[in-house]
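Novice: To convert, take the position in the sequence shown, counting from 1, and add 6; that gives the numbering used here. We put the beta carbon where it would ideally sit given N, CA and C, even for glycine. Got a structure here, written out as structure tokens. Questions coming.
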Amino acid sequence: VFNGVEAHEGYTVVSEITYGILVVIALYFIYKLLRKLGIVVDWRFALSLMPYIVFGPVARVLEDSGFFKPPLVYWFISPLIYLQITFYVILFLLLGYYLEKKFRFSKITVNKVLFVSGMLILLPSVVLIIGWILGFRWGETTGVRFDVFLLVLGFVFLAISLVYLFVYFVKTKDIQVYRNPLNLMMLSGHLIDGFTSYISIKDPFAMGLFYSEKHPASNFLLETWGPLFPIVKFLLIILVIYVFDVLYKDELKDYLTLVNILKIGIFILGFSPGLRDLLRVTMGV
Numbered sequence: 007v008f009n010g011v012e013a014h015e016g017y018t019v020v021s022e023i024t025y026g027i028l029v030v031i032a033l034y035f036i037y038k039l040l041r042k043l044g045i046v047v048d049w050r051f052a053l054s055l056m057p058y059i060v061f062g063p064v065a066r067v068l069e070d071s072g073f074f075k076p077p078l079v080y081w082f083i084s085p086l087i088y089l090q091i092t093f094y095v096i097l098f099l100l101l102g103y104y105l106e107k108k109f110r111f112s113k114i115t116v117n118k119v120l121f122v123s124g125m126l127i128l129l130p131s132v133v134l135i136i137g138w139i140l141g142f143r144w145g146e147t148t149g150v151r152f153d154v155f156l157l158v159l160g161f162v163f164l165a166i167s168l169v170y171l172f173v174y175f176v177k178t179k180d181i182q183v184y185r186n187p188l189n190l191m192m193l194s195g196h197l198i199d200g201f202t203s204y205i206s207i208k209d210p211f212a213m214g215l216f217y218s219e220k221h222p223a224s225n226f227l228l229e230t231w232g233p234l235f236p237i238v239k240f241l242l243i244i245l246v247i248y249v250f251d252v253l254y255k256d257e258l259k260d261y262l263t264l265v266n267i268l269k270i271g272i273f274i275l276g277f278s279p280g281l282r283d284l285l286r287v288t289m290g291v
């Protein structure tokens, strides 16, 4: 509440379009910075960003559980949490670039500095989440549901394994791109979101779940037919991979940095809300 006005966190078509535009703008400036520094954006770079990507939804869940109090809590609500993470990434990216150039013949690289720094930021939050699950809680819970956590990850692992095995045994050249680690990462991120929403909202296995969907587009698909949401997510990412790596492969071969940044951005758009929702259900908040 500020000056008598109460703000509610929610999603509308306008807000989702606005966040999408902000993501595109942020990715554009990051793309320009990476090109200027000559940093290679590949699977290893994406892996070095994972601690920061995980920190976002983990911190949001801590905020959901009431761990943070005013005024600190405002730093963990969008969009400030995303500005905070962007600051960390740029700071340690520049630090890693400086250290790599200064100690050219050592094993110090941008990716290593990014990853280690990100883990130091992430680990305290992970410890708090584990503590909550083990019973050291600071707020109310409807009950820890680690079974849901394992179920969602099991479905995601099964889907990704089937894709990988299908591509492995079918030797058609064009579909080999679906074994690319960054593409599998993008697919898994959106499947976490899709399966978490479907299981926690539609409760197909009668597990006593009672969650609701705040995103208008997701809610429409879930209300039409529950499994439609993860299916549509799966097919959309399959299509995105086909467009990037098959249909326009030759046209985009000189823009691999931009393409891979877009892939990381697409992964974040699915993984971040998906992990947050999954942890909320797991913690019962």
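1) How many whole angstroms separate the CB atoms of Leu193 and Val169, which I take to be in contact at a CB cut-off of 8 Å?
2) Any idea what DSSP makes of Phe8, helix, strand or coil?
3) Tell me the residue span of the alpha helix (DSSP H) that contains His196.
4) Can you tell me the Cβ-Cβ gap for Ser123 and Phe152, rounded? I've got them flagged as a contact below 8 Å.
5) May I ask whether a heavy atom of the ligand MN can be found less than 6 Å away from the beta carbon of Ile139?
6) Which two residues bound the contiguous alpha helix (DSSP H) that contains Gln182?
7) By Cβ distance below 8 Å, which residues in the same chain neighbour His14 in space, the five residues on each side in sequence not counted?
8) What is the rounded straight-line gap between the Cα of Leu101 and the Cα of Lys42?
9) Please list, in chain order, all residues of the same chain as Gly10 whose beta carbon is under 8 Å from its beta carbon, the five residues on each side excluded.
10) Could you give the first and the last residue of the continuous alpha helix (DSSP H) run that contains Ala65?
11) Classify Met213: buried if its beta carbon has 16 or more other beta carbons within 10 angstroms, exposed otherwise.
12) Quick check on DSSP: helix, strand or coil for Val287?
13) Rounded C-beta distance between Leu190 and Lys269? I'm assuming under 8 Å.
14) Are the CB atoms of Ile237 and Glu219 nearer to each other than 7 Å?
15) Closer than 8 Å is the cut-off here; do at least three beta carbon pairs connect the segment 115-134 with the segment 53-66?
16) Measure the C-alpha to C-alpha separation of Asp283 and Pro222 and round it to an integer number of angstroms.
17) Is DSSP giving His14 helix, strand or coil here?
18) With three or more beta-carbon pairs closer than 8 Å as the criterion, would you say the segment 107-115 touches the segment 132-152?
19) Given this structure, state the Cα-to-Cα distance separating Tyr94 from Val176, to the nearest angstrom.
20) CB-CB under 6 Å to Asp199, same chain, minus the five flanking residues each way: which ones, in chain order?
21) For Glu106, which residues of its own chain have a beta-carbon under 7 Å away from its beta-carbon, when the five flanking residues on both sides are left out?
22) For Glu69, count neighbouring C-beta atoms within 10 Å of its own C-beta (all shown protein chains included) and say buried if the count is 16 or more, exposed if not.
Specialist: Judging by the given coordinates:
1) 7 Å
2) Low per-residue confidence applies at Phe8: pLDDT is 39, beneath 50, and the placement is therefore not dependable, though the value from the model is reported in the following sentence. Residue state, collapsed to three classes: strand.
3) 187-203
4) The Cβ separation is near 30 Å, so there is no contact.
5) In the structure on display, the ligand MN does not appear, and there are no ligands present to speak of.
6) From DSSP, Gln182 is part of no alpha helix (DSSP H); its letter is neither H nor E.
7) With a pLDDT of 47 at His14, under the threshold of 50, the predicted position of this residue should be treated as unreliable, and no value is reported.
8) 15 Å
9) Reliability of the predicted coordinates at Gly10 is poor, the pLDDT of 45 falling under 50, and the value obtained from them is presented with this limitation in mind. Contacts found: none.
10) 49-70
11) exposed
12) helix
13) At roughly 11 Å, the Cβ-Cβ gap does not stay under 8 Å, so Leu190 and Lys269 are not in contact.
14) no
15) yes
16) 16 Å
17) With a pLDDT of 47 at His14, under the threshold of 50, the modelled position of this residue cannot be trusted; read the value that follows with caution. Coil, per DSSP.
18) no
19) 42 Å
20) Gly276, Pro279, Gly280
21) Ile114, Thr115, Val116
22) buried
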